[in-house]
Amino acid sequence: MTSRKTGYFTHPDCHLHEMGPGHPECPQRLAAIDDRLIASGVAGLIEPHEAPMAAGADLELAHDRLYLAALRGLAQEVQDQVRAGGPDHVHLDADTAMNVHTWTAAQRAAGAAIAATDAVMAGQLENAFCAVRPPGHHACRDRAMGFCFINNIAVAARHALERLGLQRVAVVDFDVHHGNGTEDILAGDPRVQMVGFFQHPHYPYSGEVPRASNMANLPVPAYTRGPQVRELVEREWLPRLEAFRPQMIFISAGFDAHRDDELGQLGLVEADYAWITRRLKEVAARHAQGRIVSCLEGGYHLEALARSVEAHVRELVDL
Ligand SMILES: [Zn+2]
Numbered sequence: 005m006t007s008r009k010t011g012y013f014t015h016p017d018c019h020l021h022e023m024g025p026g027h028p029e030c031p032q033r034l035a036a037i038d039d040r041l042i043a044s045g046v047a048g049l050i051e052p053h054e055a056p057m058a059a060g061a062d063l064e065l066a067h068d069r070l071y072l073a074a075l076r077g078l079a080q081e082v083q084d085q086v087r088a089g090g091p092d093h094v095h096l097d098a099d100t101a102m103n104v105h106t107w108t109a110a111q112r113a114a115g116a117a118i119a120a121t122d123a124v125m126a127g128q129l130e131n132a133f134c135a136v137r138p139p140g141h142h143a144c145r146d147r148a149m150g151f152c153f154i155n156n157i158a159v160a161a162r163h164a165l166e167r168l169g170l171q172r173v174a175v176v177d178f179d180v181h182h183g184n185g186t187e188d189i190l191a192g193d194p195r196v197q198m199v200g201f202f203q204h205p206h207y208p209y210s211g212e213v214p215r216a217s218n219m220a221n222l223p224v225p226a227y228t229r230g231p232q233v234r235e236l237v238e239r240e241w242l243p244r245l246e247a248f249r250p251q252m253i254f255i256s257a258g259f260d261a262h263r264d265d266e267l268g269q270l271g272l273v274e275a276d277y278a279w280i281t282r283r284l285k286e287v288a289a290r291h292a293q294g295r296i297v298s299c300l301e302g303g304y305h306l307e308a309l310a311r312s313v314e315a316h317v318r319e320l321v322d323l
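Take a look at the structure:
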């Protein structure tokens with residue numbers, strides 16, 4: 005008997021990673037989501053799970069071993085630096101930095117995605133949302149960037165393919181930014197169909213030309229609003245997903261395409277996230293026994309983020 009429950013994977017360690025005062029990818033994001041789910045009563049309808057740590061072998065499903073060694077080295081460096089009374093952060097690029105908790109939080113975030121995948125595949129849950137940070141979709145095989153260190157969705161997708169015997173998985177990315185890291189890792193893998201839309205031109209200034217035929221990238225100009233995005237989803241995503249018949253759907257769930265979000269200039273609202281989630285659930289119901297694992301990516305306007313996650317999770321629960 006397959007469960008119809010929705011799991012909610014998170015961990016207190018994910019609140020401890022922070023990248024300095026005023027940084028938009030801040031711990032308050034998770035607090036806002038938790039508060040909203042509690043206040044709305046949705047928290048009582050989902051099954052809470054504490055995210056385990058991903059193991060090194062898990063991370064190697066999507067990342068080069070040398071890159072992971074370098075990240076571990078930087079994690080040690082920031083510990084030593086803080087112990088010696090130095091700065092709290094080690095910067096990897098202008099807007100991506102590690103504090104003493106980052107490496108643990110990153111392992112929890114990837115661990116959440118893996119554990120959610122295991123529980124859904126085992127039939128203990130129908131689907132799951134991972135409220136985790138750091139986010140992952142800009143993390144490339146051998147490079148951290150754009151607030152991301154480990155590509156949580158790519159790790160989980162590879163876990164499903166390499167270890168759980170699936171032959172076809174879909175990766176859906178509705179963050180306002182192109183999921184360049186996920187493309188870097190999964191382009192050319194015929195077992196994966198990725199679909200996404202993103203504002204273009206915009207950070208990270210990639211994706212206009214897909215890197216392989218399993219990538220359906222849909223760049224949209226600034227100020228594109230929900231109705232146009234829904235039309236694109238109908239016309240470009242759904243036929244591809246129907247033809248591919250994914251056995252599981254992974255969602256890079258970024259909510260920074262919301263009209264209130266200042267890190268992008270698109271015009272989505274909560275109802276658009278609900279609508280997209282509903283369409284994906286229909287695909288999952290037809291081909292994947294309902295199996296969906298969704299991981300938080302961007303979303304920086306705290307109120308809009310919290311309301312949008314609530315709308316997304318409500319659809320996952322089928323309220
Ligand atoms: Zn984003």
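Sequential numbering from 5 applies to the sequence shown in the working numbering.
Quick reminder that beta carbons are idealized off the backbone N, C-alpha and C, glycines included.
Query, Result
"Can you tell me the Cα-Cα spacing of L20 and M102, whole angstroms?", "11 Å"
"Could you pull the start and end residues of the alpha helix (DSSP H) that E166 belongs to?", "N156 to E166"
"In the DSSP assignment, find the alpha helix (DSSP H) that holds Y277 and state where it starts and stops.", "E274 to H291"
"Any heavy atom of ligand 1 closer than 7 Å to the beta-carbon of L267?", "yes"
"Taking only runs that begin and end inside the segment 172-212, name each unbroken beta strand (DSSP E) of 3 or more residues, in chain order.", "173-177 and 196-203"
"Between V196, P139 and D188, which has its C-alpha nearest L165's C-alpha?", "V196"
"Please confirm whether H1 and C152 have their CB atoms less than 8 Å apart.", "Here the chain has residues from 5 to 323 only, and residue 1 is not among them."
"Is the number of C-beta pairs between the segment 241-255 and the segment 283-299 that are closer than 8 Å three or more?", "yes"
"Taking 8 Å as the cut-off, does the segment 95-111 touch the segment 263-270 (at least 3 CB pairs, one atom from each stretch)?", "no"
"Sorry if obvious, but does the Cβ on H181 come closer than 7 Å to a heavy atom of ligand 1?", "yes"
"Please list the terminal residues of the continuous beta strand (DSSP E) segment that includes I296.", "I296 to L300"
"Which first and last residues belong to the beta strand (DSSP E) in which D97 is found?", "V94 to D97"
"Grab the span of the beta strand (DSSP E) containing Y227 for me, first residue to last.", "Looking at the DSSP string, Y227 is not in any beta strand (DSSP E), and its letter there is neither H nor E."
"Going by C-alpha to C-alpha distance, which of V136, L170, D276 and A161 sits closest to A315?", "D276"
"Cutting at 8 Å between CB atoms, please list the residues of its own chain near A36, excluding the five before and the five after it.", "L306, E307, L309 and A310"
"G258: beta carbon under 7 Å from a heavy atom of ligand 1?", "yes"
"Where L168 and A88 are concerned, what is the direct C-alpha to C-alpha distance, given to the nearest angstrom?", "45 Å"
"Nearest by alpha-carbon distance to E187: which of Q171, Y207, N218 and H206 is it?", "N218"
"Between H14 and E54, what straight-line distance do the alpha-carbon atoms span, to the nearest angstrom?", "In the sequence as presented, His is not what sits at residue 14; that position holds Thr. Each residue's Cα considered, the two are about 6 Å apart."
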